[in-house]
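J.: Have a look at the structure that comes next, please.
Protein chains: 2
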Amino acid sequence: MATSVVVGEEVMRNKQVIFKDYVSGFLKESDMQVINGTLKLKLPEGSNGIVVKNLYLSCDPYMRNRMTRVEGPSLFTSFTPSSPLTGFGVARVLDSGHPNFKKGDLIWGTTGWEEYSVITEVEGLFKIQHTDVPLSYYTGILGMPGLSAYVGFYEVCSPKKGEYVFISAASGAVGQLVGQFAKLMGCYVVGSAGSKEKVDLLKRKFGFDDAFNYKEETDLDAALKRYFPEGIDIYFENVGGKMLDAVLLNMKDHGRISVCGLISQYNLDQPEGVQNLMCLIYKRIHMKGFVVFDYYNIYPKFLDVMLPYIREGKIMYVEDIAEGLESGPAALVGLYSGRNVGKQVVLIARE
Amino acid sequence: MATSVVVGEEVMRNKQVIFKDYVSGFLKESDMQVINGTLKLKLPEGSNGIVVKNLYLSCDPYMRNRMTRVEGPSLFTSFTPSSPLTGFGVARVLDSGHPNFKKGDLIWGTTGWEEYSVITEVEGLFKIQHTDVPLSYYTGILGMPGLSAYVGFYEVCSPKKGEYVFISAASGAVGQLVGQFAKLMGCYVVGSAGSKEKVDLLKRKFGFDDAFNYKEETDLDAALKRYFPEGIDIYFENVGGKMLDAVLLNMKDHGRISVCGLISQYNLDQPEGVQNLMCLIYKRIHMKGFVVFDYYNIYPKFLDVMLPYIREGKIMYVEDIAEGLESGPAALVGLYSGRNVGKQVVLIARE
C-alpha cells in the first residue's frame, strides 16, 4: 500500500490518502483512509519521471467518476483500490530524470494525494512560470477549472454581448469564472448555488446580475421564468438532472448549452432521466459536451488573458482551503453536498 | 364545424377529417371524425387567400404534438377542437385572390384535411413547377420531409466520407433519404426499423450497409455494438427515448447527433428520461435540434439537387398511399405504431 523512497540514505514519511475500494452511491469519508507510508526522494538511475513535494491538491467533481469501476473504454481510468487517489495539484520538483523539468521547478498537473509523489507520466504537466499570484491558483483559476471555464464559455457557447446567460453551480471553481467572463462580455448573468452565502457571493463579489438558491426553489422552471422572463441564450451546465430539465423549458430559440459537468449525477447509481429533450428541436438548441484536455494547446494564450485580469482585479476568485492532507477526504466529500464556498483546495505544505 | 363555399350558385360537398378534442396518451382513430361539410369554391371579394382542391395529404409524426393542448409559446399551435386537422399536402388552386397564385396552379404546403380548403395564410406555400415526378412526392421526398433529411444531414451533421452513420426510423419518409444521402457521400450506413419487411427494404432497395429490427432486440446497446464495433460518428435521431440512450453509449468521440424527431415520445403523457447524457462530455458530442422551416430559403437549391437524383434513379423513394380521406385517421394513427412502410400519404383525389 505504501511506497518507499530514499534520498541517499534518507527514507521520508509519506502521508497518503488511500482509495479503499470502488464506491457505489454517495461518497463517504470512510471510502478513503489516511495512512503513513514512506518514500525515497531520489529517482532510480535511468528513470525519466520526476519526484515532487505536493503543495496543493485540487478537489474536482470528476474525481467521483474515477471511483466507480469503469467497464470498457472511458475518458478516465478508475482509481486503483488500495492506492493513493490522484488528481490535479501544485508541486515542487525534488528530483528529475526528464529534460523538461529540473529540481526546484514548480509544476501543476496530475499528482498523488500524498506528501510526495513519483510522477512517471509527465505529459500534461505544466511548469509554473508566474509566481506573483498565489500558487493555489494553479489548481483553479489558472489551472484545469479555469481553462474549462474559458473554453467552455468562449469556444463552445459563441457568446455575444447582451445575451442572457445562466450558470449552475455558479460559485464553484468553474462557475464563478464563467459568470465573470460573461459579465466582461456584456451579457446578463444569473447563477444558481446552494446557500444564501453563495448567492451573496455571486451578486456582491462576482458581479452577477442576479442569483438564487436552488435548494429554496420548489419549482425550478418557475424560478428560471422569474429570472429569465425572455429566456436563456446560453446555459453553462455544471449539474445536470432536474436543473437541465428546467433549463430546457426556458431556453431561447437557437440557444446554446455547454456541458461541462453533471455533478448532481455523479453519486447516483442510475442517472436521473432528462425528459425535455423535445425542446432541442422546437428551440433549435445546440448542446455540446467538451473536455478541457482537448484545449491544452491554448493554455499559453489563456494565461496571457487571465494573468492581467487577476493582476488588475478584473476577475475575482474565491477559494475554500482545507488545511492538511488529513482534511482531504472530508473536503472531497463536501464537494458533492456543496459544503465548499468557492474552489475547494487542500493545502498540503507551504514549503 | 363545417365551412360552406359556393362557386357562383354552387355549394360543394366538402368531406373533412375533424379533430374532436385534445388527446392524451396514444392517438386513436376515434379521436378524429370524418364528416360531410359543404363549401363555396369562390373567394369573397377582396380576399387575398386561395381556394384549393386537395389531392394528397401528408401524415407526419409532428402532427401528434399539435393534438396536445400547448401551454405558452410553442413552435406549433395546437389543432382547434371540432375543426379539420391541418397538415402538409398537395393541392390544385381553384380560385385565388393572391398575386403569387392563379387558378390551375399546383401547390404544396399547409392545407386542411378535407376535400377543399380555403387557405388564408399563403406564406409557406410553394408552387409546384416540375410535374414529371409523381405529385405525391411533394408531400415527401420533394417536400418538408425531404428538405428535413437534406438539412438535417448535410447542414447539421457535417458528414465526411467514410464516417459511420446510424439512422433510426430509417424506412420512414426522412430516414430512407438520409441513408441514401449518406451512402452517396461514401459513409457506412446502418438503419433501425420495426419489421422484417422494412429491414429488407433498407438493405435491398435503399442500399444501407446493414439494418436491424429494433423490436427483436432485447438490448439495444448490444445491438449497436454489433453493428458499430468502432462506434457511431453520426446519429440521425428520429425516435428518442431508449434508442437515444443506447446510441449515446455507442457514439465515437466528437460524434454528432442531429435531432430531427422523437416519435417514440409523442404519445406519452410524460416523456421517458434519457440517462446517458454524461456521454456528451466524455465523447465531446455535439447534439443539435433543428426545424426545417428555418431552411425554407434553400428549397430551390434542394430541388436542383433532388430532381436529377430522382430522374436518374440515384435515389429511391417508397410511399405508402392510403386511398381516400376516410382512410386518413387510420393512416395517421398507424404512423405511431409503425404500420406504414415508407412515407405515409393519403390520396384524396387524382383530379
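If you read the sequences in order, they're chains E and W. Read left to right, the first sequence gives residues 443 to 793 (the numbering used here). Read left to right, the second sequence gives residues 443 to 793 (the numbering used here). Heads up, the beta-carbon is just placed ideally off N, CA and C, and yes, glycines get one too.
1. Is the distance from the Cβ of E:Val632 to the Cβ of E:Ala615 below 8 Å?
2. Hey, is E:Ile727's beta-carbon within less than 8 Å of any beta-carbon in chain W?
3. Would you give the residue range spanned by the alpha helix (DSSP H) that E:Met586 belongs to?
4. Report the partner residues of E:His728 according to the DSSP bridge assignment.
5. Would E:Asn456 be called buried (16 or more neighbouring beta carbons within 10 Å of its own) or exposed?
6. Skipping 5 residues on each side, what residues in its chain have a beta carbon closer than 8 Å to that of W:Glu639?
7. Chain W partners of E:Pro713, CB-CB under 8 Å?
8. Looking at C-beta atoms only, is the number of pairs between the region 724-741 of chain E and the region 694-714 of chain E that lie closer than 8 Å three or more?
9. Give the residues of chain E in contact with W:Ser516, contact being defined as C-beta atoms less than 9 Å apart.
10. What span of residues does the beta strand (DSSP E) with W:Gly479 cover, start to end?
11. Please confirm if W:Gly731 has its CB atom under 8 Å from at least one CB of chain E.
12. Cα separation between W:Lys495 and E:Asp651?
13. For W:Arg508, which option in W:Cys629, W:Tyr708, W:Pro576 has the closest C-alpha, if you only look at C-alpha atoms?
14. For W:Asp762, which residues does DSSP report across the bridge?
15. In chain order, what residues of the same chain have a beta carbon less than 8 Å from the beta carbon of W:Thr510, not counting five sequence neighbours either side?
16. Use the C-beta contact count for W:Ile674: other C-beta atoms within 10 angstroms, 16 or more gives buried, fewer gives exposed.
17. Once you ignore the five residues that flank E:Ala688 on each side, which residues in its own chain have a CB closer than 6 Å to its CB?
18. Give a yes or no on whether the C-beta atoms belonging to E:Ala612 and E:Leu584 are separated by under 8 Å.
19. Along the chain, which unbroken stretches of the beta strand (DSSP E) at least 3 residues long are found entirely within the region 489-576 of chain E?
20. Just to make sure I have the definition right: I need the residues of chain W whose C-beta is within less than 9 Å of the C-beta of E:Leu666. Which are they?
21. Secondary structure at E:Ala791, three-state DSSP: helix, strand or coil?
22. Quick one: list the residues of chain W neighbouring E:Gly529, beta-carbon separation under 8 Å, in chain order.
23. Return the residues of the region 677-705 of chain W that lie within a Cβ-Cβ distance of less than 8 Å from chain E, sorted by chain order.
24. Would you say E:Lys462 and E:Pro541 are within 8 Å of each other, going by their C-beta atoms?
25. By Cβ distance, which residues of its chain are closer than 7 Å to E:His794, with the 5 residues on each side in sequence left out?
26. Could you check which residue in W:Gln458, W:Lys602, W:Lys484 has the C-alpha nearest to that of W:Glu452?
27. Can you name, in chain order, every residue of its own chain whose Cβ lies under 6 Å from the Cβ of W:Cys599, other than the five neighbours on each side?
28. Going by DSSP, which residues form a beta bridge with W:Ile676?
29. Helix, strand or coil: which one does DSSP assign to E:Ser634?
30. Is W:Met720 helix, strand or coil when you go by DSSP?
31. Identify the continuous beta strand (DSSP E) that holds E:Asp463 and give its terminal residues.
32. Is it the case that the Cβ atoms of W:Leu719 and E:Gly529 are separated by a distance below 8 Å?
33. Do W:Leu789 and W:Ile763 have their C-beta atoms within less than 8 Å of each other?
34. Using a Cβ cut-off of 7 Å, which residues of the region 622-654 of chain W contact any Cβ in chain E, in chain order?
35. Counting contacts by CB-CB distance shorter than 8 Å, is W:Asp736 in contact with chain E?
36. Can you list, in chain order, the stretches of the alpha helix (DSSP H) that have 4 or more residues and sit fully within the region 637-691 of chain E?
T.: Straight from the coordinates:
1. no
2. yes
3. 586-592
4. E:Arg698, W:Lys730
5. buried
6. Here the set comprises Val783.
7. For E:Pro713, the chain W residues whose C-beta falls within less than 8 Å of its own C-beta are Gln717, Asn718, Leu719, Met720, listed in chain order.
8. yes
9. By Cβ distance, chain E contributes Tyr724.
10. 474-482
11. yes
12. 56 Å
13. W:Tyr708
14. W:Gln786
15. Tyr464, Val465, Ser466, Ser520
16. buried
17. Leu662, Asp663, Leu666
18. no
19. 492-500, 528-538, 548-554, 558-561
20. Here the premise fails: no neighbours, minimum Cβ distance about 13 Å.
21. coil
22. None at all; the shortest Cβ gap to chain W is about 18 Å.
23. Gly682, Leu686, Val701, Cys702, Gly703, Leu704
24. no
25. For chain E, the structure presents residues 443 to 793; residue 794 of chain E sits outside this window and is missing.
26. W:Lys484
27. Ile676, Arg698, Ser700
28. W:Val607, W:Arg698
29. It is a strand residue.
30. helix
31. No beta strand (DSSP E) contains E:Asp463, which DSSP labels as neither H nor E.
32. no
33. yes
34. none
35. yes
36. 638-642, 662-669
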